[in-house]
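K.L.:
Here the protein sequences come in this chain order: A and B.
Mapping of the first sequence onto my numbering: position 174 corresponds to residue 171, and the numbering continues sequentially without gaps.
Residues are numbered in my numbering as their position in the second sequence, beginning at 1, plus a constant of 472.
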Amino acid sequence: MSELTFTLLRLGYLVLLWVFVLTAIGVLRRDLSTRAGGGAKERRRHRDAERAAAAPVPAAAPASAPTPVAAPQSAPRGATGPTRLVVVAGPLQGTSLPLTNSSILIGRSPGSTLVLDDDYSSSRHARIFPQGGQWFLEDLGSTNGTFVNDQRVTGVVPLPPGVGVQIGRSVVELQG
Amino acid sequence: MSAPVQTLNPDRVEGATRRPMRLAELWLLVLAVAAGIGAFALVGLALHDSLPHHFWFESLSLAALALVAHVVVRIKAPYADQTILPAVVLLNGVGLAMILRIQESGTRGAAGADVVRNTQWSALGVVLACLVIWFLKDHRSLRKLTYTAMIASLVLLALPLLPGIGRSINGARIWIHLGAFSVQPAEFAKITLVIFFAGYLVTNRDTLALAGPKVLGLQLPRIRDLGPIILVWAASLAVLVLQSDLGTSLLLFGIFVAMLYLATQRFSWVLIGLVLFAGGAWVASQMFAHVGWRVNAWLNAFDPAVFNARGGSGQLVGGLFGMANGGLFGTGWGQGFPYLVPFSFSDFIYTSLAEELGLTGMLAILTVYLVFVERGLRTALTVRDGFGKLLAGGLAFLIALQVFVIVGGVTRLLPLTGVTVPFMAQGGTSMLASWLLIALLLRISDAARRPSYDPGIAQIAATPVAEHVIPGRDNTGVIVIPGENGLNSHDGEPLTDPGDTSTTDVLAPVPSGVGQ
């Protein structure tokens, strides 16, 4: 083979290596942007949800009851609802959990959705669940209590986004 | 019940409920395998104008391994990170190509390079990794093995010292001989030690992090809490003294200090670790001749006396010359002289590749390592349990440190220590251990990115399903988290519609944008 062919193959191989690297970085980048909750796909989804919510407005109020399939998906996370539960302090700081329509069990038991390795938390400590388009916090009879704004929670209280919930040494909050 | 279903956009329901397609991984794997096969072909074309011996064996093996691993991951760890596996396949393929290239040169420096055998080890590694992914359902079960892992580590580290099976090769007593195989048990000890450290630290981090006096703004640990770090320090020094294995000793201690820092977020541990290490290293370089030689060869590499000495800096400088010969774009596969350096296919595979791929190629390779480590650390950040965090962080750091130590060694940034370049260098045990590490990382990554309602960890609600079945979809859509059945069903709300939820974040990225 000629010198030229070899040179082209040699440089072509380096290009191939870099194509791999850049593609991998592209996958990473998309991962970052969707995790931050602002990915293009995500925004489109939001717009879809808004449009879907806006269109049948006149009939929406009574219709929401008989549409159990459609309702829960737009309800807790409509345009402004929180999309994830974030641990903002404690050993698990930085961990985030995407919100679904099922409730989130927090505690030390390995079956919990969010497992806290914390001597001050009970094995089934608290749960956070959606109902009627809102999120609620319930203490499940924990030993050391669950605190919102330094107030010990008893029973079920509504949990707006951005409000820190102290469980043992960890603080979690809902974020949009 | 049935009317609203029609108002739903079927794509959205589909998109959120199906498991990730892992198309990004598949496409990256195609590129990675192409890079491996391309390298095999180029080696043959450059050396004897035809495809090299073993070309089909090598190419098909690489493609088959990538495919098997991909399928197993897709079935058993569908949410795992999509860049980890392709990155490793690329490194493995490029490494095999360089071993093939050295072997094909047929020179004296090629003695010992055996690409077929190394491919078999890779295959065994992939099988091992697949078994781990298949049978290890949850990485948290490893936490129960914390102290078993400690004992296993100590046994593995001590095995080469046993008379009979222990063997000394090239001055380092780190091998054991089992029938036809020589293995380096320390390679596995690294992984079991990471498991032990993760389990130990997640239990004890509070005492390590909180108790102790404050000196000069630095929170110091209590003296009695120093026990474990002293123990590990002593063990790594024992490896250094008894087995003459500088690299493993450095890695063991480095992982422990890094994981202590991960667990406690206290910088004083890093300082204590660095001071202990610097002290130990200085004493070792004074007391043990082979360590002193290494340091001397590093500092005075270009001194003719050191260069020509047996065990001097000849190998190191040869590697530097090779990299200089490669320059910015390299000589091209098969066109350099990497075989002039002893162990150009194992410890010095980095300089061999640098000669033929140039700085441009090596920056790509190093970026692949960087991507891999970043994915490991990101997994550690995302995963929802402390043990998993420490395990993933420790494993990622292990690879990072290992690459740093060997690449720093051959580029004369650090004294040269004999650790393998993960995934690339020839060496069966190292290959097995590296694939084992990948399996663990993929398993943790799967747990980290798995939405909490997925059937894999949640149970299928038995009764309410029938009501909410969406036509044309299987019934596994409606899920309750274990232990929550009672809590979840009493409010009479529809349990779950796993339709359009934010968890699509963690599903497979759509292939668009990858192919472009």
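Just so you know, even glycine gets a beta-carbon here, dropped at the ideal spot from N, CA and C.
(1) Hey, residue 896 (chain B) and residue 566 (chain B) are a contact pair by Cβ (cut 8 angstroms); roughly how many whole angstroms apart?
(2) Leaving out five residues on either side along the sequence, give the residues of the same chain with a beta carbon under 6 angstroms from the beta carbon of residue 721 (chain B).
(3) Under 8 angstroms between beta-carbons, which chain A residues line up against residue 823 (chain B)? List them in chain order, please.
(4) Please state the DSSP three-state secondary structure of residue 697 (chain B).
(5) Could you tell me whether any Cβ in chain B is nearer than 8 angstroms to the Cβ of residue 76 (chain A)?
(6) When the Cα of residue 597 (chain B) is compared with those of B:794, B:563, B:865, B:905, which residue comes out closest?
(7) I'd like to check one pair, residue 799 (chain B) with residue 828 (chain B): are the Cβ atoms closer than 8 angstroms?
(8) Identify which residue in B:894, B:640, B:527 has its Cα closest to the Cα of residue 660 (chain B).
(9) Please classify residue 63 (chain A): does DSSP put it in a helix, a strand, or coil?
(10) Applying the 10 Å Cβ sphere with the 16-neighbour rule, what's the burial state of residue 656 (chain B)?
(11) Can you check the stretch 689 to 771 of chain B for any alpha helix (DSSP H) of at least 4 residues that lies completely inside it and give the ranges in chain order?
(12) If you draw a straight line from the alpha carbon of residue 633 (chain B) to that of residue 770 (chain B), how long is it in whole angstroms?
(13) Residue 6 (chain A) to residue 737 (chain B), Cα distance in whole Å?
(14) Name the two residues that bound the continuous beta strand (DSSP E) containing residue 126 (chain A).
(15) Out of B:502, B:614, B:640, B:593, which has the shortest C-alpha to C-alpha gap to residue 542 (chain B)?
(16) Output yes or no for whether 8 angstroms exceeds the beta carbon distance between residue 117 (chain A) and residue 81 (chain A).
(17) Can you tell me whether residue 161 (chain A) is helix, strand or coil according to DSSP?
(18) When Cβ atoms are compared, which residues of the stretch 541 to 567 of chain B fall closer than 9 angstroms to chain A?
(19) Can you round the beta-carbon distance between residue 441 (chain B) and residue 892 (chain B) to whole angstroms, since I take them to be within the 8 angstroms contact cut?
(20) Go ahead and pull the three-state DSSP assignment for residue 553 (chain B).
(21) In chain B, which residues lie with their C-beta within 7 angstroms of the C-beta of residue 112 (chain A)?
(22) I'd like to check one pair, residue 150 (chain A) with residue 133 (chain A): are the Cβ atoms closer than 8 angstroms?
(23) Taking the continuous alpha helix (DSSP H) assigned at residue 95 (chain A), which residues delimit it?
(24) Find the residues of chain C that neighbour residue 848 (chain B), judging by a C-beta separation of less than 8 angstroms, and give them in chain order.
(25) Do residue 122 (chain A) and residue 108 (chain A) have their CB atoms nearer than 8 angstroms?
(26) Would you tell me roughly how many angstroms separate the C-alpha atoms of residue 496 (chain B) and residue 823 (chain B), rounded to the nearest one?
(27) Rounded to whole angstroms, how far is the Cβ of residue 510 (chain B) from the Cβ of residue 13 (chain A), which I believe are closer than 8 angstroms?
(28) May I ask you to list, following chain order, the residues of the stretch 515 to 533 of chain B that have a beta carbon less than 8 angstroms from some beta carbon of chain A?
(29) Locate the beta strand (DSSP E) running through residue 86 (chain A), then write down its first and last residues.
(30) Determine which residues share a DSSP beta bridge with residue 167 (chain A) and list them.
(31) Taking Cβ positions, are residue 808 (chain B) and residue 797 (chain B) nearer each other than 8 angstroms?
(32) How many Å lie between residue 533 (chain B) and residue 772 (chain B) at the Cα?
(33) Say whether chain A places a C-beta atom closer than 8 angstroms to the C-beta of residue 804 (chain B).
(34) Count the CB pairs spanning the stretch 839 to 853 of chain B and the stretch 754 to 764 of chain B that are closer than 8 angstroms, and state whether there are at least three.
(35) Can you look up residue 184 (chain A) in the DSSP assignment and give me helix, strand or coil?
(36) According to DSSP, is residue 938 (chain B) helix, strand or coil?
P.N.:
Concretely, from the data shown:
(1) 7 angstroms
(2) Excluding positions up to five away in sequence, the list reads 708, 711, 712.
(3) What residue 823 (chain B) touches in chain A: nothing, since even the nearest Cβ is about 17 angstroms away.
(4) helix
(5) Here the model assigns residue 76 (chain A) a pLDDT of 47, short of 50, so the residue's position is not dependable and the matter cannot be decided.
(6) B:905
(7) Residue 828 (chain B) is not a Cβ neighbour of residue 799 (chain B), given a cutoff of 8 angstroms.
(8) B:894
(9) Any reading at residue 63 (chain A) is ruled out, since the residue's pLDDT is 40, under 50, leaving its predicted position unreliable.
(10) Here residue 656 (chain B) is buried. Its C-beta has 16 or more other C-beta atoms within 10 Å.
(11) Secondary structure remark: continuous alpha helix (DSSP H) runs of at least 4 residues inside the stretch 689 to 771 of chain B, in chain order: 699 to 715, 718 to 736, 739 to 759, 761 to 771.
(12) 28 angstroms
(13) 48 angstroms
(14) Going by DSSP, residue 126 (chain A) is part of the beta strand (DSSP E) stretching over 123 to 128.
(15) B:502
(16) No, they are not a contact pair.
(17) coil
(18) Those would be 553, 554, 555, 558, 559, 562, 566, in chain order.
(19) As shown, chain B starts at 473 and ends at 988. That puts residue 441 (chain B) outside it, with no answer to give.
(20) coil
(21) Here the neighbours are 856, 857.
(22) no
(23) Per DSSP, residue 95 (chain A) belongs to no alpha helix (DSSP H); it is in the beta strand (DSSP E), 93 to 95.
(24) Chain labels in this structure do not include chain C; the protein chains are A and B.
(25) no
(26) Straight across, the Cα-Cα distance linking residue 496 (chain B) with residue 823 (chain B) is about 31 angstroms.
(27) 6 angstroms
(28) 517, 518, 521
(29) 81 to 86
(30) DSSP lists A:164 as partners of residue 167 (chain A).
(31) yes
(32) 44 angstroms
(33) yes
(34) no
(35) Residue 184 (chain A) lies beyond the residue range present for chain A, which begins at -2 and ends at 173; the question has no answer from this structure.
(36) Caution is warranted here: a pLDDT of 34 is assigned to residue 938 (chain B), below 50, making its placement in the model unreliable, and the coordinate value is therefore given only provisionally. Residue 938 (chain B) falls in the helix class under three-state DSSP.
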